[in-house]
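First comes the structure, then the notes that go with it.
In the working numbering, the protein residues as written are 1024 to 1196.
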């Protein structure tokens, strides 16, 4: 009976010895994404953080959930950086940056203000205006065609081929 208890204690010790390092390694492979300051559309976004992984995936989601940025970034000395520039036409709202690999991820939200171009007058009210001439046209300014002579076309008789079907023959121009 003593030998069975000893075997059980040995197996339990072995199991704990294998599980403890695995749990420790899982806890150290965390990803920490730094806070992202608010930006305007068209400006640079600096995504930075730390991780014990060798590389991470970084993606940024628009307010509607579509992806605006995606990259695989190396981790060097425990740190990573993924700077990118938002397009000037990106909509304003709350964007979400996600960094990590597998289940080891971190995310941060940041605000984007839509850029204002400052140009244009708003487009108008949708009506179509017709320009009004400043002077009325006169009849003397309107050209008129005057015939130079009265020419009458002369029919040319059909020749050859013995055609008796009648009809008009073509006249050369």
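In this text, a Cβ means the ideal position worked out from N, Cα and C, and glycines have one as well.
Inter-residue spacing [alpha-carbon to alpha-carbon] between residue i and residue j
i: residue 1133; j: residue 1100; result: 26 Å
i: residue 1119; j: residue 1056; result: 11 Å
i: residue 1063; j: residue 1077; result: 32 Å
i: residue 1125; j: residue 1095; result: 13 Å
i: residue 1083; j: residue 1097; result: 17 Å
i: residue 999; j: residue 1115; result: The structure shown does not extend to residue 999, since the chain is modelled only from 1024 through 1196, so no value can be given for it.
i: residue 1061; j: residue 1131; result: 11 Å
i: residue 1025; j: residue 1129; result: 50 Å
i: residue 1068; j: residue 1093; result: 13 Å
i: residue 1088; j: residue 1070; result: 18 Å
Assigned exposure category for residue i - 16 Cβ within 10 Å defines buried
i: residue 1113; result: buried
i: residue 1090; result: exposed
i: residue 1074; result: buried
i: residue 1079; result: buried
i: residue 1103; result: buried
i: residue 1111; result: exposed
Beta-carbon spacing of residue i, residue j below 7 Å
i: residue 1065; j: residue 1122; result: no
i: residue 1059; j: residue 1127; result: no
i: residue 1198; j: residue 1105; result: A query on residue 1198 cannot be resolved here, the shown segment of the chain reaching from 1024 to 1196 and no further.
i: residue 1108; j: residue 1086; result: no
| Can you list, in chain order, the stretches of the alpha helix (DSSP H) that have 4 or more residues and sit fully within the segment 1045-1107? | Listed in chain order, there is nothing to give.
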